[in-house]
Amino acid sequence: MTGSQIRQAFLEFFRERGHTIVPSAPLVPQNDPSLLFTNAGMVPFKQVFLGGETRPYVRAADSQVCLRISGKHNDLEQVGRDTYHHTLFEMLGNWSFGDYYKAEAITWAWELLTGVWKLPKDKLYATVYTTDDEADALWRTRTDIAPEHISRFEDENFWEMGDTGPCGPCSEVHVDRGPAACDKQGQPHRCAVNGDCARYLEIWNLVFIQNNRDASGVLSELPAKHVDTGMGFERIAGILQGVASNYDIDLFRTIIARAEKLSGVRYGGDEKSDVSLRVIADHARAVTFLVSEGILPSNEGRGYVLRRLLRRAARHGKLLGIDRPFLFDVTGAVGDAMGDAYPAIVDGHARIAEVVRTEEERFAQTLDRGLALLAGEIETARTAGRTVLAGDVAFKLYDTYGFPLDLTADILTGEGMTVDQAAFDREMAAQRERARGAQRFADATGSAEIATAGDVRTRFVGDRIPEWESEVLALLVDGKTATGPVREGAHVDVVVAETPFYAESGGQTGDRGWVVTDAGTRVEIDDTVKVAPTVVAHRGVVRQGAIAVGDRVRLTIDPERREATRLNHSATHLVHAALRNRLGGHVKQAGSLVSADRLRFDFNHHKAVDDGELQAIEDDVNAMIRANADVAVDEMSYDDAIKAGALAFFGDKYGDRVRVIRMGDFSVELCGGTHVQRTGDIGYFRLRDESGVAAGVRRLEASTGAGAISAVRRQEELLGDLASLLKAGEGEARAKLEKILGQLREQEKRIGELQAKLAGGASRDFMADAKQVDGITVLATKVEGLDDKGLREMADRLRDKLGSGVVVLGAAQGEKAILLATVTKDLVGRYHAGNIIKQLAPLVGGGGGGRPDFAQAGGKEPGKIDSAIAAARELLGAR
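Following my numbering, the residues of the sequence shown are numbered contiguously, the last one being 1048.
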């Protein structure tokens, strides 16, 4: 059976037994920010087990793609070094949601393995939880497994997805692959089920979900009992295909074959090379699926995991002698092997390959230097008899050369060494501390005092209220708490009980306005910030009178600034929706700035957005504005918000209650900012610029409303000025400008040809000025009528005519002086062109230098070129 046939046979077996076949859920868990990746087949059904979600079926079967590279379930260190661990793998599973339980799960498992797939019964073993008498009895009565092949374990037979969540006892099926499969022969070990070698291989885990573990570790009974089984697809395929390892199944060999072709290295010829080929094949699968879901390489979260895998694979390609980007090509073979079951990796191959190749090229720039540094440190450690690499070296590899710590550790493992993890962690902590040290003094001292004062809290009264009265609870002056009175001219942070001022958050800048008292005190507020999660500071200057703790004050925002900011913030939501619609679901907000005069929106994308796409995005946003859709603001629980379709991303922090902003049918996001009531209130949206700000991160800048109209008017004024300069009507300006540019290019071409002729002809005339100095030809002279390019061409011609010698030229270009020196290759040991120019340049009011064979400098005093040439002759002994 091929791998595809095995997968299909599993699904058909359970379809015949009343199971609904469901597609593989995304690797990025939907509606579950607590998980980095789908790491087990049960993740998509987690809320069903907890009773928070229902499905239209009570029995299901699937083949779920999973990734284990972080947290409790992390198999990265074993990948490649053995033949049965993977980062990305497929989990075949059958599920019961409060329907059947242990009896059916055990019976059907035995029937499929021995009745359909004909595995030898005497090679199969079952394990159960220490106290699970029911499962033990079912194996003995519902199957004909040998009784002595049933055993009990504790840790191995209680399954938990993580530290919290659904869990329960489980029953595992293992297969004895025979003595030849033992990978520790001749070593002390336990060769048995759940032993220390690869002879007895777990192939199926039948989990009986009946408990939930909370954050304190307490187990409670779930409302219903469920079945969650997981069979390692790669492992069962290896057993059924009769091969020695997972990497020998047909699906893996298709991928390995591509890596063999690219490297010229045969799999099965050398163990070190085999490890590298296995790593490449495994990581190519994981990388392909991650990128297909819109994840891009970055330095945090899921993007960092992708980067780790890419760079680990790139390093193993280097070990195979591949000195060019190659993994992008291997991803094509992943599509060949798995595309029938997962068509998205075939449909998206062009984009997957582009993202992978870009990251490979970026890492290649530092890989060689990092490897050279590490090789030197390994040799130094060996000479000194050490087996541990210093933590500061590992940190330098991480910080300077982009080596994830596990990549350094992986390389060291192959050399029989380890890394000083504790020292690495100290270096990382020190770097974070340095970054924190850049925060404002006020945020580090007085704010901390306020934050710990339990009676100081600020309530935001709402974004539709421009004015409010409240009481001053605290003051900060020069970063320290004060009671007041704080007098005229002082900079102060004012903390009140309630405020209409929006504090800087979620990319939106803080409000400005005034804080005043009935006694005539006036404080001009130029920023509003959070100095603690529940404390807002109004930062400003006392313009009149004095302010003290306990004062009653009236707070008034700048309404025009708030309104302009409101328009820009709502527009960012529309921009986000337009980007995702046009560029793909991988687009994710990576930062934003919303102020009164503009909006800035950073997003994940692997390449520049072309002009056509930008125009389409601008058009889409303006179409949403013209739709004048209602902007609904609701407060609800986080779980309800997710069910409503609101966008939320791993790594973002959300409370139990969240604000959901819905704009018509095109945007639903979690957001605490200020917004318009209808999209039509935005008026008009105008893109200003698109640029790159980091690897895989792009930036859009735009304006809305009156700001967008002003931007258009500025462009119209510019076009009008250009038309006036060209003495043409607006309709004729383009054609006239194209004609002028064409004439200019033709003139530049003719000038270049004339200068080349002049340089060639002048070289013959200037040869008479050459002098012999100690058997060396020296030519120092001033020339006229040449630009930089012409001067260089003349220098090249003169040097070639000399054959062996030194040439120094000077030329005036308007208000600028140019000096140039060139030395024939046979004389660079005696004369250094850079040093010659370095001594001459100050004579024309400039500076410069260059290579031993060529150097150039500019100066501000062209009238002194003759003096500089005379000095050159004297310097070279050619007077």
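Don't be surprised by glycine CBs; every beta carbon is placed ideally from N, CA and C.
Model, not experiment: these values are computed from the prediction.
Beta-carbon spacing of residue i, residue j below 8 angstroms
| i | j | result |
| --- | --- | --- |
| Leu743 | Val700 | no |
| Val630 | Val684 | no |
| Asp720 | Arg708 | no |
| Pro225 | Ala194 | no |
| Glu636 | Gly714 | no |
| Ile945 | Gly974 | yes |
| Gly852 | Thr873 | yes |
| Gly172 | Met260 | no |
| Ile449 | Arg404 | no |
| Met963 | Val952 | yes |
| Asn363 | Glu325 | yes |
| Tyr253 | Asn415 | yes |
| Phe266 | His395 | yes |
| Asn976 | Arg968 | According to the sequence displayed, residue 976 carries Val and not Asn. A contact, by the Cβ cut-off of 8 angstroms. |
| Arg149 | Leu542 | Because residue 149 is not part of the residues shown, which for the chain are 170 to 1048, the question remains open. |
| Val802 | Arg735 | no |
| Trp286 | Leu409 | yes |
| Ile314 | Leu293 | yes |
| Thr423 | Asp516 | no |
Distance, residue j Cα to residue i Cα
| i | j | result |
| --- | --- | --- |
| Gln608 | Arg526 | Confidence at Gln608 is low in this model, with a pLDDT of 35, below 50, so the placement of that residue is unreliable and no value is reported for it. |
| Met586 | Asp834 | 57 angstroms |
| Val524 | Val376 | 38 angstroms |
| Ser806 | Val704 | 23 angstroms |
| Val664 | Arg749 | 40 angstroms |
| Ser932 | Ala986 | A caution first: Ser932 carries a pLDDT of 47, below 50, which makes its placement in the model unreliable, though a value can still be read off. Cα to Cα, the separation comes out at about 20 angstroms. |
| Pro494 | Ala598 | 34 angstroms |
| Asp809 | Ile830 | 13 angstroms |
| Glu870 | Ala483 | 35 angstroms |
| Lys353 | His452 | 26 angstroms |
| Gly560 | Gly571 | 15 angstroms |
| Thr614 | Ile716 | Unreliable placement is indicated for Thr614, whose pLDDT of 44 sits below 50; no coordinate value is reported for it. |
| Arg691 | Val655 | 11 angstroms |
| Tyr369 | Val344 | 6 angstroms |
| Glu673 | Val763 | 10 angstroms |
Collapsed DSSP secondary structure at residue i in the structure displayed
| i | result |
| --- | --- |
| Gln354 | coil |
| Lys776 | coil |
| Ala178 | helix |
| Asp803 | strand |
| Gly284 | helix |
| Ser193 | coil |
| Met963 | helix |
| Thr398 | strand |
| Asp332 | coil |
| Glu693 | strand |
| Ala659 | coil |
| Leu642 | strand |
| Val977 | strand |
| His188 | coil |
| Ala426 | helix |
| Asp561 | helix |
| Lys1029 | coil |
| Gln199 | coil |
Residue span of the beta strand (DSSP E) that contains residue i, given as start and end
| i | result |
| --- | --- |
| Thr873 | 866-873 |
| Leu236 | 228-236 |
| Ala455 | Careful: Ala455 lies outside any beta strand (DSSP E), inside the alpha helix (DSSP H) at 440-461. |
| Ile378 | 369-382 |
| Arg708 | 704-713 |
| Glu259 | 257-266 |
Beta-carbon separation (whole angstroms), residue i vs residue j, contact threshold 8 angstroms
| i | j | result |
| --- | --- | --- |
| Arg826 | Glu804 | 6 angstroms |
| Thr312 | Trp279 | 4 angstroms |
| Val342 | Leu391 | So it is not a contact: roughly 24 angstroms between Cβ atoms. |
| His518 | Thr535 | Not really, about 27 angstroms apart at Cβ, beyond 8 angstroms. |
| Ala949 | Ala1041 | 4 angstroms |
| Ala367 | Cys351 | 7 angstroms |
| Glu787 | Leu888 | Actually they do not touch by this definition, with Cβ atoms about 18 angstroms apart. |
Bounding residues of the alpha helix (DSSP H) (the contiguous stretch that carries residue i)
| i | result |
| --- | --- |
| Thr582 | 574-583 |
| Val837 | Element bounds for Val837: not the alpha helix (DSSP H) but the beta strand (DSSP E), 836-839. |
Check: residue i C-beta below 7 angstroms from any heavy atom of the ligand ZN
| i | result |
| --- | --- |
| Phe935 | As presented, the structure is devoid of all ligands, the ligand ZN included, so that no description of it is given. |
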